[in-house]
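2 protein chains.
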Amino acid sequence: MPVLHQMQMSGNCYKVRLAAHQLGIPLTLQEYGLHTGETRRPEYLAKNPNGRVPLLELDDGRCLPESGAILFYLTEGTHLQPADKWARAEMMQWMFFEQYSHEPYIAVARFVRSYMNDAQRAARGADMEKLMTNGKAALSVMEKHLADRDWFAGDRYSIADIALYGYTHAAEEGGFELANYPAVSRWLQRVSREPRYIPLSHRP
Amino acid sequence: MPVLHQMQMSGNCYKVRLAAHQLGIPLTLQEYGLHTGETRRPEYLAKNPNGRVPLLELDDGRCLPESGAILFYLTEGTHLQPADKWARAEMMQWMFFEQYSHEPYIAVARFVRSYMNDAQRAARGADMEKLMTNGKAALSVMEKHLADRDWFAGDRYSIADIALYGYTHAAEEGGFELANYPAVSRWLQRVSREPRYIPLSHRP
Numbered sequence: 001m002p003v004l005h006q007m008q009m010s011g012n013c014y015k016v017r018l019a020a021h022q023l024g025i026p027l028t029l030q031e032y033g034l035h036t037g038e039t040r041r042p043e044y045l046a047k048n049p050n051g052r053v054p055l056l057e058l059d060d061g062r063c064l065p066e067s068g069a070i071l072f073y074l075t076e077g078t079h080l081q082p083a084d085k086w087a088r089a090e091m092m093q094w095m096f097f098e099q100y101s102h103e104p105y106i107a108v109a110r111f112v113r114s115y116m117n118d119a120q121r122a123a124r125g126a127d128m129e130k131l132m133t134n135g136k137a138a139l140s141v142m143e144k145h146l147a148d149r150d151w152f153a154g155d156r157y158s159i160a161d162i163a164l165y166g167y168t169h170a171a172e173e174g175g176f177e178l179a180n181y182p183a184v185s186r187w188l189q190r191v192s193r194e195p196r197y198i199p200l201s202h203r204p
Numbered sequence: 205m206p207v208l209h210q211m212q213m214s215g216n217c218y219k220v221r222l223a224a225h226q227l228g229i230p231l232t233l234q235e236y237g238l239h240t241g242e243t244r245r246p247e248y249l250a251k252n253p254n255g256r257v258p259l260l261e262l263d264d265g266r267c268l269p270e271s272g273a274i275l276f277y278l279t280e281g282t283h284l285q286p287a288d289k290w291a292r293a294e295m296m297q298w299m300f301f302e303q304y305s306h307e308p309y310i311a312v313a314r315f316v317r318s319y320m321n322d323a324q325r326a327a328r329g330a331d332m333e334k335l336m337t338n339g340k341a342a343l344s345v346m347e348k349h350l351a352d353r354d355w356f357a358g359d360r361y362s363i364a365d366i367a368l369y370g371y372t373h374a375a376e377e378g379g380f381e382l383a384n385y386p387a388v389s390r391w392l393q394r395v396s397r398e399p400r401y402i403p404l405s406h407r408p
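Respectively, the protein sequence lines represent chains A and B.
Just so we're aligned: 121 in the numbering used here is position 121 of the first sequence, and the numbers increase by one with no gaps anywhere.
Just so we're aligned: 340 in the numbering used here is position 136 of the second sequence, and the numbers increase by one with no gaps anywhere.
What follows is the structure, encoded as structure tokens:
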């Protein structure tokens, strides 16, 4: 069975757990501590030189980092990826948007506010204004897209929605007010009603 | 003919020009100024609410932002994407790595050092140490991968190489010393010898 090297609280890891669960793909979870530096030790760097979770390790030892790549790999050829070429391009658009313009602000604001220890927070607190400004900009881009669309890529739920859901649904832990984004809030509800949905806290 | 809304000096835009040229796909280039704020005006935001270049506009008006998504769209089904499922996962891995762990440091250090005006540089200069540290870390991850591999995904040139080449080949404009990364330097040479290669400065 593939091993997902992960941290339960990480939205990037949750995305992989959610997609795998919805497809009925069993994963063994290998948990790492938040503040232990375990993912920077030589044993881990041998699997992922970039020292991050999530990392998918196959039975034969091949390792795949990057949540977007793992989502793409696990769902290729399934209903969680659109078949239409343009919708696939939109899927990639929103997955790259999430990693470049959304996660570095919304996930990091959440981490600073809700998961850092005091020493870490003192060192990063000065960044909060920029994190909030850019995070709100990302939510506004999503709000605009969802004004006349139910989903991010094509006309149905896909890994683009899963990628954006991971940290958007937990954005209030970063100090963002989701009530200011009504179309985003309705989309969050839609995602949570998809078949075989699991919340971030779910463990197999 | 599709229009590429772009800035000539942008590595993200160059990636699209390089892939399109290698596939013989003609593009009309619509150039934007570096410091003019043109991509934040309503006319542009109507095409891309995220206000960035590159943006690919098709003949029918459909618009696709995000360099990674444009690369994926233009090259689907061509020799610039591997056919093997695992190699495709590696392709996505390195494209997400580039946008998350490489571009925000190497491209931004280059922009601060070589393209900002004095007022911008004064406001961002304090970030340089972090940009350099994280940029060097990204180059080291690439160096490690290339120790026993010629290409990033599978065993041949793909859009993963194009995505990483865009800013790596210009990293010295950001203050990085590529001579410290001999495997990366050899890979840069390999990319530049690919058929129908064009440099960043090339205009059709």
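Cβ coordinates follow ideal geometry from the N, Cα and C atoms, glycine included.
Note that the structure is a prediction, hence the values are computed from the model and not measured.
Shown here, E307/B sits in a helix according to DSSP, grouped into three states.
Counting of Cβ neighbours within 10 angstroms places Y401/B among the exposed residues, the total staying below 16. Per DSSP, the unbroken alpha helix (DSSP H) holding H145/A starts and ends at M128 to L146.
Every unbroken stretch of the beta strand (DSSP E) spanning 3 or more residues and falling wholly within the region 20-68 of chain A is given here in chain order: 28-31, 55-57 and 63-65. Here DSSP, grouped into helix, strand and coil, assigns Q93/A to helix.
Measuring C-alpha to C-alpha distances from W290/B to each of G61/A, E172/A, P49/A and Q30/A identifies G61/A as the nearest. Under the three-state reduction of DSSP output, L208/B falls in the strand class.
Of all residues in the region 8-26 of chain A, none has a C-beta nearer than 7 angstroms to a C-beta of chain B. When secondary structure is reduced to three states using DSSP, T78/A falls in the coil class, being assigned neither helix nor strand.
Rounded to the nearest whole angstrom, the C-alpha separation of Q297/B and L71/A is 10 angstroms. Rounded to whole angstroms, the separation of the alpha carbons of E57/A and T78/A is 20 angstroms. When only Cα atoms are considered, D263/B and A342/B end up about 37 angstroms apart. Taking the beta carbon of L268/B as reference, the chain A residues within 7 angstroms of it are A89 and Q93, listed in sequence order. Listed along chain A are F96, Q99 and Y100, each with a C-beta nearer than 8 angstroms to that of Q303/B. Closest in C-alpha terms to P403/B, from the list L382/B, H373/B and A311/B, comes H373/B. At a cut-off of 8 angstroms between C-beta atoms, Y167/A does not count as an interface residue with respect to chain B. Between L368/B and M346/B, the C-beta spacing is below 8 angstroms.
For F72/A, the residues of chain B that pass the 8 angstroms Cβ criterion are R292, A293 and M296, in the order they occur in the chain. The contact set of N338/B on chain A, defined by CB atoms closer than 9 angstroms, is empty, because the minimum CB distance reaches about 11 angstroms. Here the alpha carbon of L268/B sits roughly 20 angstroms from the alpha carbon of L238/B. Counting C-beta pairs with one atom in each stretch, the region 9-24 of chain A and the region 173-185 of chain A have fewer than three that are closer than 8 angstroms, which means they do not touch. Among the residues facing chain B, V112/A is not included, as its CB has no counterpart in that chain under 8 angstroms away.
Nearest CB-CB separation between V345/B and chain A: below the 8 angstroms threshold. Neighbours of E76/A in chain B, taken as residues whose beta carbon is under 9 angstroms from its own, are K289, R292 and A293 in chain order. By the CB criterion at 8 angstroms, I310/B and A357/B fall outside the cutoff.
Residues of chain A whose Cβ lies closer than 7 angstroms to the Cβ of N254/B are, in chain order, F97, S101 and V141. Within its own chain, the residues whose Cβ lies closer than 8 angstroms to the Cβ of L227/B, once the five positions on either side in sequence are excluded, are L278, T279, T282 and L284, listed in chain order. Between G174/A and G135/A, the C-beta gap is smaller than 8 angstroms, which places the two residues in contact. The beta carbons of L45/A and L4/A sit no closer together than 8 angstroms. Under the Cβ criterion of 8 angstroms, A123/A is not counted among the residues facing chain B. As summarised for the region 148-182 of chain A, the continuous alpha helix (DSSP H) elements at least 4 residues long and confined to that stretch are 159-168, given in chain order. The Cβ atoms of Y236/B and R314/B lie no closer than 8 angstroms to each other. When D148/A, T133/A and P49/A are compared, the shortest CA-CA separation from F176/A is found for T133/A.
Cβ contact annotation for S305/B (same chain, cutoff 6 angstroms, sequence separation greater than five): A342, in chain order. Where A119/A is concerned, the enclosing alpha helix (DSSP H) starts and stops at D118 to R124.
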